[in-house]
Amino acid sequence: MSQLIIDTGNHIAGYACKAAKADVIAAYPITPQSSVVEQIADFVEKGKMDAKYIRVESEHSAMAACIGAAAAGARTFTATSAHGLALMHEMLHWASAARLPIVMAVVNRAMGPGWNIWADFSDSLSQRDTGWIQFYCADNQEIFDTIIQAYRLCEDKRVRMPTMVCHEGLILSHTSMPVEIPDQKDIDEFLPPYDPPWILDVDKPVTHGSLIYPEWYMEFRYFMDEAMKNAKKLIPEIDKEYGRKFGREYRGYIERYRCDDADLVLLSMGTIGSEAKIAVDRLRRHGFKVGAARVRVFRPFPKEEIQNLAEGARMLTVIDRHISYGMEGPLFIEVKASLYGKEDGPLMTGLIAGLGGRDVTYLDIEKIAQKSLKHLEAGKVTKEVEWVGLRR
Amino acid sequence: MIKLKELPKEEYFLPGNASCAGCGLSIALRLAYKALGPRTVFVIPACCASVIHSPFPNTAFASPCLNIAFEAAAAAASGVVAAYEKRGVKDVTVLAWAGDGGTADIGIQALSGAVERGTNFIYVCYDNESYMNTGIQRSGSTPYGAWTTTTPTGKKQHKKNVPLIMAAHDIPYVATACVSYPRDLISKLRKAKEITGPKYIQILIPCPPGWRFPTEKTIEMGRLAVQTGMWPLFEVESGKLKLNGPSARLVDKSKRKPIEQYLKSQGRFRRLTKEDIEVLQTWVDSSWEHYERLI
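Quick note, the sequences are listed as chains A and B, same order. When you read off a place in the first sequence, starting at 1, and then add 86, the result is the number in my numbering. When you read off a place in the second sequence, starting at 1, and then add 14, the result is the number in my numbering.
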């Protein structure tokens, strides 16, 4: 029997780790991630979860321990935020290049200094090129469902790339919402036990992570890119299968809300995407043809899906919760790159909003949309990138 | 103590590895492997060993090995141990095998964490007293006065005593060894294998290119290190230190050879002045006084 519980995003990530039957958890506390690892510690110590829990002395060691455990045949889980993720950076590359399907909850938090424990995507988007699959969630149910899907995806022999499932600190991490936890038997059917093609086994010895000279290095990197392409194909398939089994699917890469006849589409990730739906409803009541699209997966990037979205729209307004200093918001950069060379493409503008946890309300999004609608009417944007609500 | 002829005839560290002529590390690896047997899983961070054992697609190891980043050997080994415990894999020795840079410097945090958590593994630091793999740069384990490429006029600080730092963690077994005393080395590894919990063994590994001595003198250098008291052989169990082998007779200062004999045979100490040698001799003597208090 499935069970309906009301709990925070962080606790729900812990429930997902338990439901996925992770064998080894290695984790280090950091605000706002801490209650994920506290929840798992509670499960393990009360015997509700049969796992080894390594209370490491740093995030770098958390990822190193997950790598060791995954290489030795265990399903692994960890969670972190901001500086913890930055400290892991070296080992993120190691995990993906070692082709180990580690799943990690990233509770998004801004990078310091100045110290800031609130949400933005500066932590996870800075890890773009580490070879990790990246999901971004907009509510607690999605956190649970995505973690289960993530294991199924990244343990697939065609993929074998690690996966981070991101949710915004405090906004989701500490907000309680109703979440349906499916029956364990059904989860076990959807997610069979970890079955790696190789492990550290004294009866079948392999040396892993050897020195590679230039004549072979590139091939291994090519295989990683191929694995990401395989993940690109599998993400919607796995999501559909999950939907058939549990009644919830996320339509793969992009959650589209009233986009079909929209002139203006507001593109974003995470909870800004949820908030945008309210803004869309309000604008629609006034007759404006506005839709919202929430990008759920940043790597592999849904290039074709963005192209498809752009075909129907006259303008794309991209809201980023991070800035790549000296350029633009990372989502805006990718959206523009996806549409390169397309004739009669939509007008585009990029907005930087909500850094360091600054609230982005539906009213803010409504204002953003109204400004974009003016640009659309004029047929041009006055400024390609703008910071929202900046105090000067 | 084990007799050498009782060791397995099988070779587990295979010929064709890429070590330098006279490499003390390759001798230690061969002996350690014979001591522990092929049901050993290696975890190796960046170090000489990571380069010499398995340039792709070859490997000189007869059992599994996980290569890992420089500072991460003890943490990755923690993960391997946890996975085996969860999966019920028994009769396998998890052995982290790191250099002195990866142990005394960049890896000390992960090592301290892993032993504090009581991880059931053996951590070997093979100590060639510098970052040899990157081209002879100073480490925390480099002795006072030694030339390295980053201490061209000689190191100004003394060697960090990692075995005693490990002993301060109150772990079941800490030992020092030297590649020149194979029976002592093998006995310590075999003993460590039988103990549950964290075990730390630091093996002094003379390095011809790094220490600047002829390649045929590797064993002789290790012997001199021990005989002069520069490198004492001991074990620490339950807070008690026990000197072993030739070191057992060296508590009496007069039994120790003067360190000049050791220093003069290596190019890395060529620039040492009389005063420098006195500084180093005083350090050696006071270290021994400290060891004496721990017996």
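We treat Cβ as the ideally placed atom computed from N, Cα and C, and that holds for glycine. These numbers come from a predicted model, not from an experiment.
Span of the beta strand (DSSP E) around residue i
| i | result |
| --- | --- |
| A:Lys271 | Where A:Lys271 is concerned, there is no enclosing beta strand (DSSP E), although the alpha helix (DSSP H) it sits in stretches over Gln270 to Phe276. |
| A:Ile267 | Ser262 to Ile267 |
| A:Phe163 | Thr162 to Thr166 |
| A:Asp406 | Met401 to Asp406 |
| B:Thr232 | From DSSP, B:Thr232 is part of no beta strand (DSSP E) but of the alpha helix (DSSP H) over Thr232 to Gln241. |
| B:Thr107 | Thr107 to Gly113 |
| B:Val138 | Ile136 to Asp141 |
| B:Glu249 | Phe248 to Glu251 |
| A:Leu512 | Residue numbering for chain A in the displayed model covers 87 to 478; residue 512 of chain A lies beyond these limits and cannot be assessed. |
| A:Trp473 | Val471 to Trp473 |
| A:Ala191 | Val189 to Asn194 |
| A:Ser354 | Leu350 to Ser354 |
| B:Ile122 | Run containing B:Ile122: none in the beta strand (DSSP E); it sits in the alpha helix (DSSP H), Ile122 to Glu130. |
For residue i, the three-state DSSP class (helix, strand or coil)
| i | result |
| --- | --- |
| A:Glu301 | helix |
| A:Thr117 | coil |
| A:Met65 | Any question about residue 65 of chain A goes unanswered here, given that chain A covers just 87 to 478. |
| A:Gly373 | coil |
| B:Lys271 | coil |
| A:His294 | strand |
| B:Cys62 | helix |
| A:Tyr308 | helix |
| B:Leu178 | helix |
| A:Cys152 | helix |
| A:Arg382 | coil |
| A:Gln223 | Here the sequence assigns Cys to residue 223 of chain A, which means Gln is not the residue at that position. Of the three classes helix, strand and coil, the one that applies to A:Cys223 here is coil, per DSSP. |
| B:Cys79 | strand |
| B:Tyr158 | coil |
| A:Leu437 | strand |
| B:Ile217 | strand |
| A:Trp204 | coil |
| A:Glu143 | coil |
| A:Ile321 | helix |
| A:Ile285 | coil |
From the options, residue whose alpha carbon lies closest to that of residue i
| i | options | result |
| --- | --- | --- |
| B:Leu318 | B:Ser252, B:Ser279, B:Gly259 and B:Glu208 | Nothing can be reported for residue 318 of chain B, as the shown portion of chain B is limited to 15 through 309. |
| A:Ile92 | A:Met263, A:Val351 and A:Lys389 | A:Met263 |
| A:Thr403 | A:Ile451, A:Glu390 and A:Pro388 | A:Ile451 |
| A:Ile358 | A:Asp215, A:Ala379, A:His372 and A:Leu369 | A:Ala379 |
| A:Tyr387 | A:Ser410, A:Ser424 and A:Pro278 | First, the amino acid is wrong: residue 387 of chain A is Phe here, not Tyr. Ranking A:Ser410, A:Ser424 and A:Pro278 by Cα distance to A:Phe387 puts A:Ser424 first. |
| A:Val446 | A:Trp473, A:Gln235 and A:Gln270 | A:Trp473 |
| A:Met401 | A:His372, A:Val193 and A:Ile454 | A:Ile454 |
| A:Ala362 | A:Arg371, A:Gly373 and A:Gly377 | A:Gly377 |
| A:Asn226 | A:Leu437, A:Gly442 and A:Gly95 | A:Gly95 |
| B:Ile273 | B:Ser252, B:Glu130, B:Gly253 and B:Pro246 | B:Pro246 |
| B:Asp114 | B:Leu255, B:Phe283 and B:Thr190 | B:Thr190 |
| A:Asp231 | A:Cys252, A:Thr216 and A:Trp218 | A:Cys252 |
| A:Lys138 | B:Cys61, B:Val55, B:Asn31 and B:Arg131 | B:Arg131 |
| A:Ala396 | A:Glu335, A:Leu352 and A:Val383 | A:Leu352 |
| A:Gly443 | A:Ile203, A:Ala165, A:Ala191 and A:Leu449 | A:Ile203 |
| B:Ala89 | B:Val57, B:Lys100 and B:Lys48 | B:Val57 |
| A:Lys428 | A:Ile405, A:Asn394 and A:Gly412 | A:Asn394 |
| A:Glu414 | A:Thr261, A:Met434 and A:Val471 | A:Val471 |
Segment limits, alpha helix (DSSP H) that includes residue i
| i | result |
| --- | --- |
| B:Arg44 | Gly38 to Leu50 |
| A:Gln89 | It is not in any alpha helix (DSSP H) - A:Gln89 instead sits in the beta strand (DSSP E) that spans Gln89 to Thr94. |
| B:Ser144 | Premise fails: B:Ser144 is in no alpha helix (DSSP H) and is neither H nor E. |
| B:Arg307 | Lys288 to Leu308 |
| B:Leu199 | Pro196 to Glu208 |
| B:Tyr98 | Ala87 to Arg101 |
| A:Leu395 | Lys389 to Gly398 |
| A:Lys422 | Pro416 to Ser424 |
#### Entry: Three CB pairs or more closer than 8 Å across the segment 415-422 of chain A and the segment 341-349 of chain A
no
### Task
For the segment 72-86 of chain B, enumerate the residues whose C-beta is nearer than 9 Å to any C-beta of chain A, in chain order.
Asn72, Thr73, Ala74, Phe75, Ala76, Ser77, Pro78, Cys79, Leu80, Asn81, Ile82, Ala83, Phe84, Glu85 and Ala86
### Query
At a cut of 8 Å, does the segment 204-220 of chain B reach the segment 264-279 of chain B through at least three beta carbon pairs?
no
### Query
Looking at C-beta atoms only, is the number of pairs between the segment 204-219 of chain A and the segment 165-181 of chain A that lie closer than 8 Å three or more?
yes
### Members of the segment 213-239 of chain B near chain A, C-beta cut-off 8 Å
none
### Query
According to a CB-to-CB cut-off of less than 9 Å, which residues of the segment 134-158 of chain A neighbour chain B?
Asp136, Ala137, Lys138, Tyr139, Ile140, Arg141, Val142, Glu143, Ser144, His146, Ser147, Ala148, Met149, Ala150, Ala151, Cys152, Ile153, Gly154, Ala155, Ala156, Ala157 and Ala158
### Query
Counting Cβ pairs, one atom from each stretch, are 3 or more of them under 8 Å apart for the segment 25-45 of chain B and the segment 256-274 of chain A?
no
### Query
Touching or not, the segment 138-154 of chain A and the segment 100-114 of chain A, by the rule of three or more beta carbon pairs under 8 Å?
yes
### Task
Could you name the residues of the segment 98-112 of chain B whose beta carbon sits closer than 7 Å to any beta carbon of chain A, in the order they occur along the chain?
Tyr98, Glu99, Lys100, Arg101 and Val106
### Query
Given a limit of 8 Å on CB to CB distance, which residues of the segment 292-312 of chain A reach chain B?
Val292, Thr293, His294, Gly295, Ser296, Leu297, Ile298, Tyr299 and Trp302
### Query
If contact means a Cβ-Cβ distance below 9 Å, which residues of the segment 127-150 of chain B contact chain A?
Gly127, Ala128, Glu130, Arg131 and Thr133
### Message
At a CB distance below 8 Å, what residues from the segment 173-186 of chain A approach chain B? Give them in sequence order.
### Response
Glu176, Met177 and Trp180
#### Entry: Residues within the segment 94-126 of chain A neighbouring chain B, beta-carbon criterion of under 7 Å
Asp109, Val110 and Ala112
### Task
State whether the segment 97-104 of chain A contacts the segment 171-188 of chain A, with contact taken as three or more CB pairs (one from each stretch) at a distance under 8 Å.
no
### Message
Under 8 Å: do the segment 180-198 of chain B and the segment 157-172 of chain B share three or more Cβ pairs, one atom per stretch?
### Response
no
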